[in-house]
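Single-structure report; data block below.
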Amino acid sequence: MNAEYLPDFIERKWISKWEQEAIFEPEPNEQEKYFITVPYPYLNGILHAGHTRTFTIGDVIARHKRMQGLNVLFPMGFHVTGTPIVGLAELIKNRDPQTIEVYSKHHGIPESKLHTLESPEKIVDFFSVEAEKSMRSIGYSIDWRRKFTTTDDAYKKFIEWQFNHLYENGYIVKGSHPVKWCPADDNPVEDHDILHGEGANIVDYTLIKFEYEGCIFPCATLRPETTFGVTNLWVNPEIEYVKIKVANDENDETWVVSKDAYDKLLHTDKDIQLIETVPSFSLIGIKVTNPLTREKVITLPASFVRGDNGSGIVMSVPAHAPFDYLALRDLYDSDLSAYGIDENPRYIKLISLIDVPEFSDYPAVDAVNQFNINSQNDSLAEDATKLVYKKEYHSGTLKQNTGKYANIKVSKIKDILTKDLIDQNIGELFYEFSEPVVCRCGTPCVVKMVKGQWFLHYSNPGWKRTVTECVDQMDIIPEELRVEFHNKIEWLKDKACARKKGLGTKLPFDKAWLIESLADSTIYMSYYILAKFLNEDIGAEQLTNTLLDYILLDIGSLEAASISSGLERELIEKIKTDFSYWYPVDIRTSGKDLVPNHLLFFLFHHVAIFGRDKWPKSIAINGFVSLEGKKMSKSKGPLLTMNEAVHLYGADVTRMYILSSAEQTQDADWKNDKVENAKKQLERFYSFAHQIIKSFSSNDFKNRHEYNDLDHIDKWFLSQLQQRIYQTNISLKQVKTRNALQNSFFILFNDVKWYQRRGGSRLLPYILDVWVRLMAPFTPHLCEEIWDNMEHTNGNFISLTQYPIYNSELIDIDAQLAEELVSKTLEDMDEILKVIKLKPTTIYLYSTPKWKKYVFMTALSMNDQGNLDVGLLIKELMKESEMKKYGKIVPKYAQKVVSEIKGMSDEKISFLLKSNLNETEVLNLATDFFEKETGCQVYVYNGDSPEYDPKNKAGNSTYLKPAIYVE
RNA sequence: GCGAGGGUUGCCCAGCCAGGUCAAAGGCGCCAGACUUAAGAUCUGGUAACGAAGGUUUUCGUGGGUUCGAAUCCCACCCCUCGCACCA
């Protein structure tokens, strides 16, 4: 064994040995199986630290389960469908400076190579080779016989099969949906195509159709319920209005809207024709009919109305909308004769329709007064609006004047009412951005209705219900995220699943479209089972629907499957048996960014396609990785690649660091100087192992289970070790890799230090044997190397060796308690030595007198029976004639003991109840240790009759806390 | 706005669900000692404050509450991060 830790050498050596012996290529057998998957990487770049974290977690779980004796399958594929790879090829071809810079500098691709990646195919070829190399170099125990990319012909056949099923079972429907649209490009815009307004949402307004002489005056609102409180409409005399013809199912309608609104309506699914422009003056001072209440209300002028927002006509609800109230108040007593209005707007009575606990009948008035707002042009009007809307939304209920909607909460009314309005044709939906959106080309974007689009019908309540059932029977790790899954299932709407651009599979029932790339990566875990055979001896064209139905769903017959595919029956049966052996997925582990999308779809599609016995068993979620506190970005940098990490620090160091720096869902920050420290830790471990291997013979390792006459400290260590083994196994099961490493490495290291400090040595070969197995899932190469050098297992891989198992027989309560006594006593001595200024030469320890221990144990057992009480305890004690001697001091001590015990955890109490400790003996055995540690002479006296006690210190002792006197 | 997660001792980061062994694990940093001609590396110990006796005091975002007892449970508030879709 080399004295120096050479990660590069060790790692190459063991990776190639694993490959030679093909130890990670499992086949079905009589063992219990474990199928673990992580999301395959998307190949528009080199694998980075984020992949490293998720994949390493997966590998550690795989290795742990494998060492626990399960038959583990951990496969990997590559995702390439969608637009980014096509976009990247384009950018490289055009020699986009930023792309060239980022990919050469951050991804570490030489420019000459980079320049050849001018087509999506070349990119896929290059990055898939690179990704596999990276994953091999970090030691993942992946079965590479099953790799594939999502543009393989066979994969496309598989996806077609999936979509045929979804279609046949009604999970795919046709419909229209609003998208961000650039009128100049005549294309939808995606977020990275946007100049301004990246955060913009599409908001759904309701148009309320007010009527006037056969014309419709549509008013856009987010609060359709306020239609009950409309007192007038607002028209801005400064903006341009038009009259348009709107095609409707039965009759065409004539609408009056702003010019801007007309432009927007042109992009909706409505059929629109311009009739004429209308002077704004002609729209003011007329009486329109509220379609809901049939009341007639007047139209009035207002400057706050914007032509580019909504329809350019606004309904006024002054009781509940500060702007409306302000605009109305601004008109009080003013001369409106220019508009042909001779009434004073003061006659208009506010209509209250929402009950809000914190406000009067007119919340808008309250808010305007509260903020002390002067006019509709005051900037505070915005704040007042927010306040009123928020309060009304959260705590408002509808009043009696809303008829059948009375008593409904404001927060619940919108969907109900909108539906009713649409049914009666007095309302319509209208979409608008939450903020202006401008395309990269400089053109303002609009909301466009895309018609005849294919949708995955995720909003289907039955489908949602089944997914909810699926989640309920799964393990979600960590458990706290279960609620998140339920929320997101609730929230999920229909999702367009067909695209025009990018790589992918055509929709089998509408070949003009490509299947969207999140939808084609939902049940591919089952494809791993097929992939092994496809990579060997099956052609894509043989993967027929009939064959897939038979293998994956057990539909149809072997006969039919064989005929349709042209495959041998035995082969088909073999694939089918493999599938039913490996499926379902036992765990899928993934970054938390995939919860609201991929993981959700993964569940939706599984329940849609497969029976309950094939539903996934568990999902584990992990957090992100940042780089020196900065967010990583594939396309902009900074980026730490898996290659770079492995190259600079080694595979084992990288694995250990990324798993130990943060727990589960917490984000991890990669810090180079901390990684250096992790490397030192492993060097320390290596040299510890090296020392032990040098100092012991291979026989010492072979006989590791045969120790007789163990010393106290050996028993203590064995007991302690069981706790570490237990905690490591539990933590790994819960995917708490940080906690697992804390126990299997750091804390165990400290235990070993204490063991050696206390003079232990003979268990060291045994310790190393257990320790290295405990660490093997995390740092497999290093552990194989040490394991190999112990020369006690005839060349078996540690990767295939039994993982340490908790052994309750080795738990030794007395040894643990004794060691606690020793270390606490040492702490007490240190504390005293630190405080007193004299130079100490001798320390006297006085163990607890028998009677005090008796008091303590009596109190403990009374506590156990649930009747511990100072009075009762003293009474009980005094029954004992021995105790009467101490009659005067017993009550005081009893009181102390009772409060001490009341403050103990149940665990500690049961621990103490089971113990049987001889203090004097334990302390005597430890005197050498105490002397070595303190540099003083140490004497231990029995507290019952100390030979020497000049300052009467012996009386200070309590059970497990000896009295101390220092000279 | 809606949803989720988080604020801990010089720093990173555990603990919180199952209240008491919690002045609070582990790592880093720092300090001291050993080794060394010395430095570095390595190893060992220490690391809230105060204390001439093992104690005391203050501390886990802020303010309340429940409890014999709260980092942990409840309520309110402040601050930070992420997601909100047709993009992987």
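All you need for the working numbering is the position in the first sequence, starting with 1, plus 8. We put the CB at the ideal spot given by N, CA and C, even for glycine. Small disclaimer: the values here were computed from a predicted structure and weren't measured.
Query: CB of P83 within 8 Å of CB of R144, strictly; Result: no
Query: Cβ shell of G85 (< 8 Å), same chain only, five flanking positions each side left out; Result: Y48, R154, K155, F156, T157, T158, Y532, Y535, Y536 and A539
Query: For C190, the residue or residues it bridges with in DSSP; Result: N195
Query: Proximity of Q550 and S570 at Cβ, strictly below 8 Å; Result: no
Query: Cβ-based burial, N758 [other Cβ within 10 Å; buried from 16]; Result: exposed
Query: Rounded distance between the beta-carbons of V250 and V286, thought under 8 Å; Result: 6 Å
Query: Three-state secondary structure assigned by DSSP to H800; Result: coil
Query: Residue range of the unbroken beta strand (DSSP E) whose run includes M3; Result: Within the shown structure, residues of the chain are numbered from 9 to 975, placing residue 3 beyond reach of any answer.
Query: Length of the line joining the Cα atoms of P92 and I283; Result: 44 Å
Query: C-beta contact flag for T662 and T60 at 8 Å; Result: yes
Query: Cβ-Cβ distance between A659 and E19 below 8 Å; Result: yes
Query: Local Cβ density within 10 Å of N409, reported as buried at 16 or more and exposed below that; Result: exposed
Query: Every unbroken alpha helix (DSSP H) within the region 551-587, with a cutoff of 4 residues, ordered by chain; Result: 553-556 and 566-573
Query: Distance CB(W54)-CB(H123) smaller than 8 Å; Result: Per the sequence shown, the amino acid found at residue 54 is Ile instead of Trp. No, the Cβ-Cβ distance between I54 and H123 is not below 8 Å.
Query: Chain-order list of residues whose beta-carbon lies under 8 Å from that of T809 (same chain, five-residue window excluded); Result: M75, R781, A784, W795 and T801
Query: Beta-carbon proximity check, A327 vs G411, cutoff 8 Å; Result: no
Query: Beta-bridge pairing of D161 - partner residues as DSSP gives them; Result: In DSSP, D161 forms no bridge with anything.
Query: C478 - containing alpha helix (DSSP H), residue span; Result: P469 to D480
Query: Enclosing alpha helix (DSSP H) for K253 [first to last residue]; Result: Run containing K253: none in the alpha helix (DSSP H); it sits in the beta strand (DSSP E), Y249 to V254.
Query: Whole-angstrom distance between E975 and K847, CA atom to CA atom; Result: 8 Å
Query: H114 (DSSP reduced to helix, strand or coil); Result: coil
Query: Outcome for C449 when other beta-carbon atoms lying within 10 angstroms are tallied against a minimum of 16; Result: exposed
Query: Test item: CB-CB of E817 and S807 under 8 Å; Result: no
Query: Contact set for D820: own chain, Cβ-Cβ below 8 Å, skip 5 residues either direction; Result: K723, W724, L726 and S727
Query: Segment contact flag, the region 650-657 with the region 509-529, C-beta cutoff 8 Å, min 3 pairs; Result: no
Query: At least three beta-carbon pairs within less than 8 Å, the region 460-468 to the region 591-600; Result: no
Query: Classification of L921 by the beta-carbon crowding that lies within 10 angstroms, buried from 16 upward; Result: exposed
Query: Segment contact flag, the region 848-860 with the region 943-962, C-beta cutoff 8 Å, min 3 pairs; Result: yes
Query: Distance CB(H614)-CB(Y179) smaller than 8 Å; Result: no
Query: Limits of the unbroken beta strand (DSSP E) element including Y949; Result: Q945 to Y949
Query: As assigned by DSSP and simplified to three states, the class of T901; Result: According to the sequence provided, residue 901 is Tyr. The question's Thr does not apply to it. Helix, per DSSP.
Query: First and last residue of the uninterrupted beta strand (DSSP E) at K304; Result: K304 to P309
Query: Residues of its chain near L607, where Cβ-Cβ distance is below 7 Å and the 5 sequence neighbours each way are ignored; Result: S598 and I627
Query: One or two residues paired with S324 in a DSSP bridge; Result: N240
Query: Delimiting residues of the beta strand (DSSP E) encompassing L81; Result: N79 to L81
Query: Outcome for N209 when other beta-carbon atoms lying within 10 angstroms are tallied against a minimum of 16; Result: exposed
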